[in-house]
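One structure below.
There are 4 protein chains.
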Amino acid sequence: MSEPYVAELDFYVRYAETDTMGVVHHSSYVIYMEEARSHYARTRGYSYAEFEESGYYLVVSDLTVRYHAPARYGDQLQVRCWIAEIKSRRLAFAYEIRHYEGGQLLVSGQTQHICITKAGELQRIPQRLRDWAT
Amino acid sequence: MSEPYVAELDFYVRYAETDTMGVVHHSSYVIYMEEARSHYARTRGYSYAEFEESGYYLVVSDLTVRYHAPARYGDQLQVRCWIAEIKSRRLAFAYEIRHYEGGQLLVSGQTQHICITKAGELQRIPQRLRDWAT
Amino acid sequence: MSEPYVAELDFYVRYAETDTMGVVHHSSYVIYMEEARSHYARTRGYSYAEFEESGYYLVVSDLTVRYHAPARYGDQLQVRCWIAEIKSRRLAFAYEIRHYEGGQLLVSGQTQHICITKAGELQRIPQRLRDWAT
Amino acid sequence: MSEPYVAELDFYVRYAETDTMGVVHHSSYVIYMEEARSHYARTRGYSYAEFEESGYYLVVSDLTVRYHAPARYGDQLQVRCWIAEIKSRRLAFAYEIRHYEGGQLLVSGQTQHICITKAGELQRIPQRLRDWAT
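Protein sequence lines correspond, in order, to chains A, B, C and D. Letter by letter, the first sequence follows residues 154 to 287 in the working numbering. Letter by letter, the second sequence follows residues 154 to 287 in the working numbering. Letter by letter, the third sequence follows residues 154 to 287 in the working numbering. Letter by letter, the fourth sequence follows residues 154 to 287 in the working numbering.
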């Protein structure tokens, strides 16, 4: 995967996503990262809603986030999201969140995922997702 | 229902529940009201989780909130919650949210609920909930 | 105000905005309404961030929401938002949230606002906002 | 710090904290961890609100979370929170979140913090916090 597909999602910071410090709350970025995954799947033609309807969940097993600089209400941000690794039973997404204008890096992160059935049984990563890596 | 049962839930404001204004975000009170309903059900011996397991949902059909004064991170609050009305197909909860110390009124509100099956069909309010009004 | 300016904001439902019922949590719509106000201000050329920088807050004093039908993760929604009333000391926004495709009405609501200084003193609604009604 | 002070916070999962999968959303645990820090400070006699009033912020610079097992609406959980490391310019909290009954481990995590002034300048960790490690 020398040059992975990168999905880019642009959005404005909502007021409710900020906190008393006057900046975006650190948990809000976790939701931005999740929405970037949704956007990734949509732009690759296989929405995560459709994936769930097929009987699977792609659950988060590990989360790491590094906070470089704050964002504020009304800022326009961009999340870049790509697949960092796919193995038979694990899938990792990587993220960079930047100011849309100027491109300052605000947050970088990674999520690890496993695939389970709705009954909770561990599965191999479905082929249709593994194809994303090629 | 001249003197309804009143459930009282005490809690601290979480940092994530505040916003750039330095106060509790107005949507956070909607979640406090919901948790007060959960607490109401628990203290009456019929948890809402148990109610859902019986095949029903009690969905919110209407919400009204009046904001009187702000709360801040770390404040200890108290929600008082009671049933304002039960009819065959509607149930209303009323709420008051106050500072735990001093008792200043911060928010008052009401939610209207209907009962549906998991398939989405409208139901009468189950007897076990209607008994709460007596 | 026979034909008020209407701002339209389209967006996708985020996974985190749903709940165990499999639908959008009722508090999430309160945040959609707020973001619609932000969008309203941006499209009228006076962002709310800029408004706050001028020393004022436009706080929510009353909220009413009616829930007509549920939305689910991944649905594309549209909020329509307009000024329902402006008086010297009060401002009301009205909202309709619909499925983007098909236009089914999901939620209707209204918020009442008052204007305060950062020190908490009640102010008249600034002229620049009152001009929005004309 | 062979035996650090451990703060224990018990609470019920709120409905709004769950998602379409029927479990607690992975971002909700980040907020539980934050509230555990608040509880830690309160039980050590120096609330974080008081700390902020003294002119400082303790911001999150790094977050790592491992998800072991899911929790559901209404579950009673316990967060255990302790200081994993204090250096002159860095402070790390560690967390374990378990089912209150039975003690099953659900989530483990760590947050790294730096101290800044309200003007955004990096500071040494104040002595009053460094005393927590002794």
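Glycine included, each C-beta is placed from N, C-alpha and C at the ideal position.
Residue state for A:R233 is assigned as strand, using DSSP reduced to three classes. For the pair A:A160 and C:E170, the Cα-to-Cα distance works out to about 21 Å. A direct Cα-to-Cα measurement between C:D284 and C:E205 gives close to 17 Å. In this structure, B:P223 places its C-beta atom within 8 Å of the C-beta atom of B:V177. Here the alpha carbons of D:Y210 and A:Q263 stand approximately 26 Å from one another.
Runs of the alpha helix (DSSP H) spanning 4 or more residues and lying entirely within the stretch 169–197 of chain A occur at 179–196, in chain order. For A:Q257, the three-state secondary structure derived from DSSP is coil. Residues of chain A with a Cβ closer than 9 Å to the Cβ of D:T171 do not exist; the shortest Cβ-Cβ separation is about 14 Å. Taking 8 Å as the CB threshold, D:T270 stays off the interface with chain A. For C:E249, the closest C-alpha among the options C:M186, C:R167, C:D172 is that of C:M186. DSSP, reduced to helix, strand and coil, places C:R242 outside both helices and strands of the structure shown, so it counts as coil. With respect to the 8 Å criterion, D:E203 and D:L162 are not classified as neighbours on the basis of their beta carbons.
The beta carbon of A:Y220 is closer than 8 Å to those of H179, Y182, L259, V260 in its chain, skipping five residues each way along the sequence. Residue nearest to D:S241 within the set D:T270, D:D215, D:L282 is D:L282 (criterion: CA-CA distance). Around the beta carbon of B:A272, fewer than 16 other beta carbons sit within 10 angstroms, so the residue counts as exposed. Straight-line spacing of the CA atoms in A:M174 and B:T173 works out to 7 Å.
Residues of chain B whose Cβ lies closer than 7 Å to the Cβ of A:H178 are, in chain order, A169.
Rounded to whole angstroms, D:G255 and D:E274 show a C-alpha spacing of 45 Å. DSSP, reduced to helix, strand and coil, places A:R281 within a helical segment of the structure shown.
For chain B, the residues of the stretch 223–239 of chain D that bring a beta carbon within less than 9 Å of one of its beta carbons are R225, Y226, G227, D228, in chain order. For the C-beta of D:G175, the chain C residues within less than 7 Å are, from N- to C-terminus, T173.
Look at B:D284: its C-beta is not under 8 Å from any C-beta on chain C.
For C:E156, no beta strand (DSSP E) segment is defined, and its DSSP state is neither H nor E.
Within the stretch 179–200 of chain A, the residues whose Cβ lies closer than 7 Å to any Cβ of chain C are, in chain order, I184, E187, E188, S191, S200. For C:H266, DSSP records a beta bridge to C:V213, C:L244. Comparing C-alpha distances from B:I236 to each of B:Y253, B:T287, B:P279, B:I269 shows the shortest one belongs to B:T287.
Under the three-state reduction of DSSP output, A:A202 falls in the helix class.
Linking D:G227 to D:R167 through their CA atoms gives a straight-line distance of about 6 Å.
At a cut-off of 8 Å between beta carbons, C:D215 contacts chain B.
Look at A:A160 here: in three-state DSSP terms it is strand. C:S207 is classed as exposed because its beta carbon has fewer than 16 other beta carbons within 10 Å across all chains shown.
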